[in-house]
Structures are given as C-alpha cells and as structure tokens.
Amino acid sequence: MAHLPDDDLPSSFDIVIVGTGLIQSIVAAAAARAGKTVLHLDNNSYYGGCWATLMYNDLQRWIEVHSKEVTDEDESTVVTQLNEDEVSVKCNLSLSDKVTNLIEINHSEEEEEEDKGENKTDEEALVESVPINEEPTSNDAPDMPINNEPIESKVKVTWNNLGNQKKRFNFDLIPKLLYCRGEMVDIIVQSGVSRYLEFKSLPKLYCSNANHEIIQVPCSRADVFTSSIVSMLEKRKLMKVLTFCAEYEKHETDYQEYIGHPFTEFLQSRDLTDNIIQFILHSIAMVDESETTLNGLKATQMFLHSLGRFGNAPFLYPLFGNGELPQGFCRLCAVFGGVYCLKRSIRELIVSSDNKQLIGVVCTTGQRIQCSSFVGPAGMLSSGSVSSQRISRAIFITDGQIDGMDEKISLLTIPPASDDSPASRVSVLQLDSSTLTSTEGTNMIHATCKSFGSSAKEDLEFIVQRFFSTCTTPSDNKPRLLWSLYYNLSLSSCSHSTETDSSRDVKSDLPPNVLMVSDPDDTISYEACIHEAKKVFECLYPDEPFLPRMPDSEDIIYGEEETASSDQLAGETEEETSANQKNDEEDQHNDEKDQEFDEKVEDTSTKQNPEQNDSI
Amino acid sequence: MHGRLKVRSTAEQEEARRREKEKKVLWYREKNESIFAKRAAGEKDRDTLKLTEEVLLENSDVGTLWSYRREILTELLPTCSQEDSETMCKTELNILERCLRVNPKAYCVWLHRRWVLEHSPAPQWAHEKQLCDLFLNHDERNFHCWDYRRYVIRKAGIPPSDEFKYSFDKIATNFSNHSAWHYRSKLLPLLHPSHSSSNGIDENAMKKEYELAQNAFYTDPSDQSAWFYHKWLLGRGTRGTMIGCVLVRRDPAPFIAVSFNQNVKSTEEEPIIVTLGDALPKPVTDSGRFESLWWSCDLVFPKDEEVTVRIEKGDGVLVEMSLDKGSNSSLWLTPDLDLLFSTYLTAATSEVLDSELVMCRELLQLEPDNKWCLLTTLQLLEAIDYDKHHKEIIDLYDKLVKCDPLRRGYYNDLRSRHLIAVKLRRRLEERRESPDINSFDLSQLNLSRLYFTQHMVFIEDLLLNGNKLNSTHSLEGLKNLKSLQSLSLADNQLITLPKTLGGLTNLKSLSLENNDIKELEDFDTLRSLPELKELNIRGNPVCQLSDCEPFVKKMLPNIKLIH
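The listed protein sequences derive, respectively, from chains A and B. So the first sequence is numbered by full-length UniProt numbering: it starts at 1 and just counts up by one. So the second sequence is numbered by full-length UniProt numbering: it starts at 1 and just counts up by one.
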C-alpha cells in the first residue's frame, strides 16, 4: 500500500492504543485525562471493534469481510529498519477468524416467492393479507384514515420494501445493558462521558417457562406486589430471599456453608419453590446453574441495588446502541488531546534488547512511533495468556413485538432446558424504534448465548419457531420475521494482575509496558469490562486517579499564559461543557438524540489532529 | 502540562460562592423591605405584583407575600376587563407553577393556587389535573399535591372510577403510600355504595380491597401503610352508645350513676335525659359534657318510697328501672355484656374477621416477629371473642412487647385493657346472679393502667395490689369508683398519690404499701376523705423520714396509720 508523506502521525506518544473496543477506549480516555499523550488506532473504518454498533451499510461491509476466507497478507516482505539493540515483535493483523458461520437471511424473498406461488393458485390470499396488516396503523381509528398513509401501510412490510429506511437500523454486534447502579453508570457520570449519551430504561424482565410461555419476572417490590403469577406464600418467600441477597454481607453465617457450592444449592436451602429459583437464577442473577453461591449473591445484589435508581428499572440501554459507549470514551480522550486514526494499526512492536522494554511501534503505514506503553487487543500478539470462548448471536428484525413481551424495550431470558433447545441460557433483548436502533413499526431482537451446537443458526433458530411468524410457520399473533442474521463470535479474554511485575512474569512473556485487553464477555453487563479497564490503567499509571470527576465548567480557568494549542483545547472544553451542562446526570427519558453525534466525534478528532486522514 | 485542566482551588471556589451568596442576601433584603413599605402604605398596583413575583420566585415559602398578592388581586381583578383578568390569572398560575417546580411542598403555594382558581373567570380544571399527574409522578407521596388533587377532581367532576384506578396505579408503583391508600378509602363509598353493610361499602368491593392489602402484607409485611388501610377496612369502633350499668343508691348520700360504653356528649339534637320520678336531676359534671359516667348526687329521694329512674337518649328510652322502697341500692346491668367491651374492628362481618384471621395466622408463621401482623392478629382475636381467645391474646401481647420494646407502654396499656375487660365481664355476670357481690380483684395482673372503671361504679372493695401502676395518668379511672370503701394499691410503683383519690369520699381503708412515695406533702390529698379510717404506707421511702409519723398523724388525726 502506498501512503502519502503527510499521512504521518506525530512521532512520539506516551501511549499507543490499538483497537477502539470499550476497554481500550476507557483506558485511552483515562490516560488522556491523566495528561498523557495518546495515539489511538483502529484497523477498522468504524469505532468499537467487537463492541461496535454498525449501521446497515457498515454491517453489509462487515458481513462481506467476514464471509470471505481468511487470506493472509504477505507481511513478511515488509521490512523495518531497526537499531542494533532493538528487537521487533510481529503483530497479528488478521483477526477475521473471530467471526464464523455468518448467515444473513432476507425473509421477504421467501415471502415474495410464496406470494407469487399463491397468487397463481389462490387470489384471495392477497385480499386477506390486507386487514391483518392494517391492524398496527388502525388501533384508534376504525374508519379509513384520511391522510395519505394508508396506501403505504397497506403494503406488507418486508425487508425489501423498507428501502432507505434500512439506514436507520443500528446493529449491536454484542448487545449489553448497563446496571443502573453498576460501575459503568458511575464511571460515565463521573468522567463526564454521560454528556455524550442518552439512555432508555428497561423496566420489565421476562422469563420463558417450561411450557414456552412468556411470563413477567417479579423482581422489584412493586412487581411482587402486583404479580399474579406467584402465590401469596411465594411472594413472601421471594421477597425474603431478595431482601437477604440485597444485604447478604450482613448475614454471613446464613450463607457461609454454601460459599463454594453452586448458587442453586443455596437457593434450594431457602425453602423456595422451583418457580422462584428459576426467576432468581436465570432472570435476576443471570448466572449459570454451576455458578458459586458468592458470585450468585453478588450478581443478585447488583441487580437489586440497581432497582429504583432511575425508576423501577434495573437496566439502561444506550440510544443508538452500545457502540455509543466506546465512542463516548474516545470523544473524551480526544477532548483531552488524544489523537485518533481509523483504518490504521501497527504491525510491529519494537522492544529494547537490553531491558526488554517496549520503546516504540511501527504503524501499518511503516511509520515508526516512539512510545512508552502499548495497549492492544488480546490475540494481537502470539504471546500472552489468552483464553477464548465462543458465543452464538442472532439478530432478528420483525414487524412487531414478541407476544407476551408488552414492554417495548425488554429482556427475555430463556433458561437452559435439559430435553429441549436451548442447552445454555439465551438472552433475548427486544428493542423498538424509541431506542433509535430500529425504524418505526419494526423491532430489533437480539439473541445471545454461549455456543453449544455447531453454529449460531443451529443454537438460536428455535427462537424463530417459538416467537415469530414465517412463511413456513405463519401465525396471527406472532410478529412476522423480516430479516435475520446469525453468527458465531469467538471472544478472547486475558487475565490481568495488579500485583507487581513478578507475578506478571509468570504468565506473560510480554514486555512489562505492553498490555493486552479482552474482548467483550458473554454477560449482559459491563461490570467485568470496567473492572479490567481499571486494572489495565492501574498497571500503566499506578499513581494517577482513574477518570477523576470532571470539574464544574465555572471552576475551569481559561486562557492564562497558555500556548496556542492548549487555548484551542480549552475552547473546545468550554464548548463541550457548557453545551451539555444541563445534563448533569444522564437523562434516560429524553427521547431526542443529538443526531450529529457521529460527525461531532469525527470533528473533534480532526480538530485535534489535522494530519489525520482516514480516507484511503 | 498538556491536556491538564486548570481548576479553581476549593478556597477560591468557596470565596466565589460566599460573595455570590452575600450579594443575593443583600438583594433579597432590599426587595423585602420595599415590599413591606409598600404594604404599609397600602399600595395595591401592578408594580407591587411584579416586585413580589421576583422575590417569590427566589423563595416561594413566604405566606405573607402570597397573602399580599391576594390583597392586590382582590383589588385589581374587579376593575379589569374579562380578558385582562383572565391574563392576570394565567400569569399568576404560571408563577405558581414555576414556584412549585422548585419547591413542590410549599403549603402557601398550593393554597394560593386554589385561591387563584376560585377567582379565575375560566379555570382550566383539565390542566390542573395534568399538573397533579406531573407532580405525583415526580413524587407519588407529595400529600400537598394529593390534597390539591382531591380538590381539582371535585371541581372538574371527574368520575370516582377514574380516580380509583389512578390510586391503584400509584399503589402499584409503590405501595408505601399512605396518601394513595387513603384516597381509596374516600373513593370506595362513592364507587361501591351499599345500604346493607355497616360501613356503607359493598361487600364484594371490600373483598378486593382485603386482597390488595394482603398482597402488600405478603410482599412487605413491615410496611405500615397497607396495615393502616386494612385497619380502616375492618372498621375502627364507631358504634352506637350503650349503657353498661345504672346504679341508684339512697345511703349515705343519694346518687344516680349511669355508665356508658364510650365517652358521650349530650347535645341539643340528641340530649341524654335522666328522670328521677318527675324530677330532672343535673349531672355533677356541668354543661352537658361528661365522659363515660353520668353522675348526679345531692339528690333528695322521697323517703321510703319507690324511686323510678328513666334514661332517654334522643327519642328512645334506653333504661327504665326502679329502687324499691325497702332497699338501699339498686343496680341495672346491660343484657349485652359482650358488646360492652369491644372497641376495635367493628365494621367487619364475622366471616371477614375469620378469614382475615386465617390470613394473619399464615403470615405469622412466616414472619413470627412482625409487629404489625402480631397486632392485627391480636385485634382480630379480640374482635372475634376476647374471652375465648384470652390466653392466646395475652401470649401475643407478651410477644409484641419483646419484638417492639419501644412501644411496650402502648402494648401494656392495651393488654391491661383486655385483661380488665375479661375480668370485669365475668364479675358483672356473677353480680347479676348474686347482688351481694361488691368486691373486685384485679391484683397481680401487671396492669399498667385502669380501664372501664365507669362500669365498676358499684364496687366497694377493689384490689389493685401487685400491678405496675405508676402514675397519676394510669389511675385516672379511679374517679369513677363512687362506691369504693376499700382500695389496695399495695406493691405498685406509685411515686406520688394520684389526685383522683381525693374524690373517693366513701373510702374507709387505703393501702399504699410497698410503693415509691417520697414526699409527705402527698398525703394532703387524703384530707378530703371524711370516712378514711385506715392508711397503710409501709415500705415507702417516705417512712424513712424522721417526722413521718407525727406529720401524717397531724394531717390526718382520725386514722390508723400503718407504717
């Protein structure tokens, strides 16, 4: 690849970070906030890596890239000039084997074929389809609507006739939720990243029972009070165990003997009905049956403490999708001077042969950059302790909500079944257009589980039969499936230690100033990710505070004997803070979203780094 | 350093804030001074409205300023055109809404809003209801807003069924909401009226409410709001007046005493009239007000003749009885002794009481230490049959004192009440069989207070020894014991002598043995007892005083002192 000379980046940074995944982005923001110079690169043309939320066109490109057979670029031909006392460590750039078994299905094609076939034999089929499809638009006016819409609404919504509206879909590669009382909320509020984000709360949780019926899980006090699916006696027992879990530390003697045992055993010891054990295990704690009692209690406690912070909901979902979070942290990093460059990565690390310390990196452009620390994604280097896990994903677009999930934004957990699908717990996240991830009249439904079969389609196809109406299994009270996408992701995780170098050496042969970070985990929350980001930052800068509170805008002093460049920065900050001052805390009720957000991120980074050019 | 923010130090921040605050205080004082000067001068113009508005937007909780605005508006509104006065009211409501957003719990702001709407030419009730919705969404327990809501709903003519649903929605979000439960109690009789039931509410509707309360108990038994509502559902002792006993006596001083089950008041519409033959004796307590004992003395009975006494209330004769010419006294006792002592949970039918008892007992199995459940179970048992469940009730009281020691005084009083009811009922039954019975033993019961003494008006010999009576308050009931000749208060915790002892004019023997009386002056009360012959003060700290015996002997020369 040929590169223009003015494509070059500044030649020295305190830290170079590769990959704009959430953990890297948080570390980048924290480092910039601590006054470090940060170069943040990403090989992709979008932010977020595995954590990204892709728009339709980006998703198409993503599908295309990951459907191809992996072809190794001939990297051996690239030669970097090294000094005598330097050693080069090659980086693995092709990470495309992470995504496998990609299958995209456009259900409108099936339907059209069927419609054609039916038209020939039975013309009434088309006539019948009209009243059914009229339903969503005619809920308050039984008469024909007067405006011009009916012509459009009579047309059956299909993936094909969505046309340009497809651009308004935002696809989470890995959907996640924020615990209202979780560390993620605290960090984004404290750091000021919340100013770039808006949220919707997720007030209701559903669970699928043995008969495949969807029931609302009574999890808050108000839910238990109004619930009609549990008996009086169960209400009391459920409340009792939840109250216990909410402050389990205070009653150590009550759970001590179960600490190392599975959480299920502990729950069984509390004289609970199976019904309630299922609720707590799968929908509230959301842990596996084998999870230990202590972890189960912690998870339950986190859930319970989250209730009541922003209404009765335990979770928040970011408008425009989860990809907004890494972008928010990147933006914070850029505000504090971080330099961003997409479609660029590094191909080599340069390590001093004397003390085995990293002294620089070589970009994919061949530019050599001096730096004193490096953070990259797990798997980028052949060394380092990395473990991997495979998850199955499905994204469905339907023309309505799942029957029984009345709340527009809600989470359904399908517990593992011994004799039936699925073999591991499946989380089903239903999103409507108010989250700005789907269009008006359609729903985006994400299904995620640990892989148990040979492919994502095999693992998750049962959801289609159970909840959707398709050509092969039409049903009146189920939403019609318009489009679906299946894929497996293999996610790497690395273990970190905040201990001193001695313990690091045991498990890692990396230079001490090179750190790897994990991909997303298979949980629904961000807790592990925040934890890891903190640890990485602590390893890098043990004496610096982690994303300290943003000062109030009126307490910031501007322009006194500053250089031109920092004047520019100060001006930027003023603009940021004053514009967002009214959003002291994230306001999950505000439906409107700054549409120009993406452009803003780009703006910010280009302002900070005029040399940047990511349009190759 | 690059990328570092320059931030004011805390000292600088504080200094800046202090200066800001000082400026504000100065401004506030100046404005207030000029407003009060204007008010003193009687100025009532639009400028003053503007001025008060500025101050109120800063601090809405000043009733005087709102009141001044009302004065101004009262003056201005009648002189304005229809359109102009509408605008003025609209402006006023706007200001009020802004104030409420800052301080949603200001009494005077809600009050002023009501006043403005009363004086507004075209009040927008629908908008007011929306305002209530908004504020109750923000804080579902804002009782100011609940109160205002009831007013708005009444004015807007919104059907109670809508509001009943609304109250449910609020309870469903958070049932720790006294206001919402209370609202239901106001709406139920409107929505489900019934003439047959004792509280005017349809039985089926009540059943649903019992279920709702039960859901709340099982979800969170320690939340008091649902228990309060439950108690309201069961009814809280609004019963008809009934007479317990009537005592007519010739000697030594003729008197009539009538005991009632509760405090009664003789009103003009419903006077209580006691006739003695043809005479109308006046009660000793003046002005028609008396508590549970009507008592009249200094009467003149026709000598050796039959005396008839009739008691009427309103237009009905409650009791008619006579005292034969040969006998000294006559006691009439109510045939419904069962009803005499019940006070709680009187609205519910016995089936409801039974089913609620079953529910409470089940819950008690799961929550053996829950005080609300204990108390409700106990009160249900008392309402069903306090005599039959006597033992269980006492056990429950003991448990309550242990579970909730902070309220042990309250529980001990309730327990005393129950014990006395049980004992007294038996005594009255015995007395009905044998008219010689004039003594009553309430000793060794750990009583903390006396109850139902009005029905003991015929008792001559009362044993209260070995209890926990300790204050004047706990012995207030003694004043009703008009026939008492012998009283034992031995082994109690009395520190002083209750003043009520001075009214027991027939008292001959009094034992205060083993109490905690310290002051000699206390015995002064006993000088008004002409019949007192024997006084036992042994085992009191007062006996240690060197001048104890001579002092008491001098004060009460005719008695036999045991010390």
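Using N, Cα and C, we set each Cβ at its ideal position, and we do this for glycine too. Note that the coordinates shown come from a computational prediction; the quantities given were computed from them, not determined experimentally.
Top-ranked residue by Cα proximity to residue i, from the options
i         : options                                       : result
B:Tyr-68  : B:Thr-52, B:Glu-356 and B:Lys-402             : B:Thr-52
A:Phe-263 : A:Glu-289, A:Ile-402, A:Lys-240 and A:Tyr-206 : A:Glu-289
B:Pro-368 : A:Gly-48, A:Ile-395 and A:Arg-236             : A:Arg-236
B:Arg-150 : B:Glu-140, B:Asp-139, B:Lys-165 and B:Cys-132 : B:Cys-132
A:Thr-439 : A:Lys-200, A:Asn-170 and A:Arg-466            : A:Asn-170
B:Glu-305 : B:Arg-249, B:Glu-71 and B:Tyr-166             : B:Arg-249
A:Val-27  : A:Leu-59, A:Pro-218 and A:Gly-338             : A:Gly-338
B:Lys-499 : B:Thr-525, B:Leu-545, B:Glu-531 and B:Gln-493 : B:Thr-525
A:Lys-25  : A:Gly-404, A:Ser-492, A:Asn-312 and A:Ser-191 : For the sequence presented, residue 25 of chain A should be read as Ser rather than Lys. Of the candidates A:Gly-404, A:Ser-492, A:Asn-312 and A:Ser-191, the one whose C-alpha sits nearest the C-alpha of A:Ser-25 is A:Ser-191.
A:Glu-527 : A:Tyr-46, A:Leu-93 and A:Asp-186              : A:Asp-186
B:Leu-510 : B:Ser-34, B:Asn-536, B:Lys-553 and B:Arg-98   : B:Asn-536
B:Leu-381 : B:Ala-253, B:Glu-351 and B:His-119            : B:Glu-351
B:His-178 : B:Gly-157, B:Lys-208 and B:His-144            : B:His-144
A:Ala-394 : A:Ala-378, A:Val-428 and A:Gly-379            : A:Val-428
A:Phe-13  : A:Ile-23, A:Thr-20, A:Thr-273 and A:Gly-35    : A:Gly-35
Beta-carbon proximity list for residue i, same chain, < 8 Å, skipping 5 on both sides
i         : result
B:Met-1   : Residue placement at B:Met-1 is flagged as unreliable, the pLDDT there being 42, under the threshold of 50; the coordinate-derived value follows with that caveat. No residues qualify anywhere along the chain.
B:Tyr-451 : Ser-416, Arg-417, Ile-420, Ala-421 and Gly-477
B:Pro-541 : Asp-516, Ile-517 and Lys-518
A:Arg-227 : Checking the displayed sequence, the identity of residue 227 of chain A turns out to be Ser instead of Arg. Closer than 8 Å at Cβ, skipping near neighbours: Gln-216, Pro-218 and Lys-235.
DSSP beta-bridge partners of residue i
i         : result
A:Glu-104 : A:Leu-485
A:Ile-369 : A:Val-361
A:Thr-398 : A:Asn-443 and A:Leu-481
A:Gly-260 : DSSP lists no partner for A:Gly-260.
A:Pro-318 : A:Phe-199
A:Met-516 : A:Gly-376
B:Lys-24  : The partner list for B:Lys-24 (beta bridge, DSSP) is empty, contrary to what the question assumes.
A:His-40  : A:Ile-17 and A:Tyr-340
A:Lys-450 : A:Ile-391
Close-in-space but distant-in-sequence residues of the same chain around residue i (CB under 6 Å, 5 per side omitted)
i                      : result
B:Pro-123              : Leu-117
A:Arg-181              : His-305, Ser-306 and Arg-309
A:Gly-571              : At A:Gly-571, the pLDDT of 38 sits below 50, so the modelled position is not reliable and the matter cannot be decided from this model.
residue 629 of chain A : The displayed coordinates of chain A run from 1 to 616. Any statement about residue 629 of chain A would go beyond what the structure contains.
A:Thr-437              : Asn-170, Gly-321, Leu-431 and Met-444
B:Asn-370              : Pro-221
A:Asn-119              : Unreliable positioning characterises A:Asn-119 in this predicted model, as indicated by a pLDDT of 45, which lies under 50. A coordinate reading is not provided.
Listed by chain order, chain A residues near residue i by CB distance under 7 Å
i         : result
B:Tyr-218 : Met-232, Lys-235 and Arg-236
Under 8 Å by beta carbon: chain B residues contacting residue i
i         : result
A:Glu-303 : One detail in the question is off: residue 303 of chain A reads as Phe in this sequence, not Glu. Under the 8 Å cutoff, chain B gives no residues; its nearest Cβ is about 17 Å from A:Phe-303.
A:Asn-312 : Thr-173
Residue i: contacting residues in chain B (beta-carbon distance under 9 Å)
i         : result
A:Asn-477 : Ordered by position in chain B, no residue passes the 9 Å Cβ test against A:Asn-477, which lies about 26 Å from the chain.
Cβ shell of residue i (< 7 Å), same chain only, five flanking positions each side left out
i                      : result
B:Asp-251              : Asn-328
residue 577 of chain B : Outside the modelled stretch of chain B, which goes from 1 to 563, sits residue 577 of chain B, for which no answer is possible.
Proximal residues of chain A, C-beta to C-beta of residue i below 8 Å
i         : result
B:Ala-172 : Ala-222, Phe-225 and Thr-226
B:Leu-366 : Leu-233, Arg-236, Lys-237 and Lys-240
B:Pro-214 : Inspection of the sequence shows that residue 214 of chain B is occupied by Gln rather than by Pro. Ordered by position in chain A, the residues that pass the 8 Å Cβ test against B:Gln-214 are Met-232.
Proximal chain A residues relative to residue i, where beta-carbon distance stays under 9 Å
i         : result
B:Gln-130 : What B:Gln-130 touches in chain A: nothing, since even the nearest Cβ is about 17 Å away.
Task: Segment contact, 8 Å Cβ cut-off, at least three pairs: the segment 460-468 of chain A with the segment 364-371 of chain A - done: Output reads no: the segment 364-371 of chain A does not touch the segment 460-468 of chain A.
Open item on the list: Under 8 Å: do the segment 454-464 of chain B and the segment 476-495 of chain B share three or more Cβ pairs, one atom per stretch?
Closed with: Taking 8 Å as the limit for Cβ pairs, the verdict is that the segment 476-495 of chain B does touch the segment 454-464 of chain B.
TODO: Pair every Cβ in the segment 291-301 of chain B with every Cβ in the segment 258-277 of chain B, then say whether three or more of these pairs are closer than 8 Å.
DONE: Result yes; three or more Cβ-Cβ pairs closer than 8 Å.
Task: the segment 195-214 of chain B contacting the segment 251-262 of chain A, beta-carbon criterion three pairs below 8 Å - done: In short, these stretches do not touch, since the Cβ pair count stays below three.
TODO: State whether the segment 179-189 of chain B contacts the segment 219-229 of chain B, with contact taken as three or more CB pairs (one from each stretch) at a distance under 8 Å.
DONE: Output reads yes: the segment 219-229 of chain B touches the segment 179-189 of chain B.
TODO: Specify whether the segment 348-355 of chain A and the segment 212-228 of chain A touch according to this definition: at least 3 beta carbon pairs, one from each stretch, less than 8 Å apart.
DONE: Here the segment 348-355 of chain A does not lie against the segment 212-228 of chain A, with fewer than 3 beta-carbon pairs under 8 Å apart.
Open item on the list: So, does the segment 396-404 of chain A touch the segment 33-47 of chain A, judging by three or more C-beta pairs under 8 Å?
Closed with: Proximity of the segment 396-404 of chain A to the segment 33-47 of chain A falls short of the contact definition, fewer than three beta-carbon pairs being nearer than 8 Å.
Open item on the list: Below 8 Å, how does it come out for the segment 214-226 of chain B and the segment 361-376 of chain B: are there three or more Cβ pairs, yes or no?
Closed with: Touching, yes.
Open item on the list: Would you call the segment 435-453 of chain A in contact with the segment 157-172 of chain A, where contact means no fewer than 3 C-beta pairs closer than 8 Å?
Closed with: Yes: at least three Cβ pairs fall under 8 Å.
Open item on the list: Using 8 Å as the cut-off, can you tell me whether the segment 400-412 of chain B makes contact with the segment 319-326 of chain B, which would need three or more C-beta pairs spanning the two stretches below that distance?
Closed with: Taking 8 Å as the limit for Cβ pairs, the verdict is that the segment 319-326 of chain B does not touch the segment 400-412 of chain B.
Task: Contact between the segment 474-485 of chain A and the segment 411-426 of chain A (3+ Cβ pairs under 8 Å) - done: The segment 474-485 of chain A vs the segment 411-426 of chain A: no contact.
- [ ] Give a yes or no on contact between the segment 330-337 of chain B and the segment 430-440 of chain B, applying the rule of three or more CB pairs nearer than 8 Å.
- [x] Taking a cut-off of 8 Å for Cβ pairs, the segment 330-337 of chain B and the segment 430-440 of chain B touch, as three or more such pairs fall below it.
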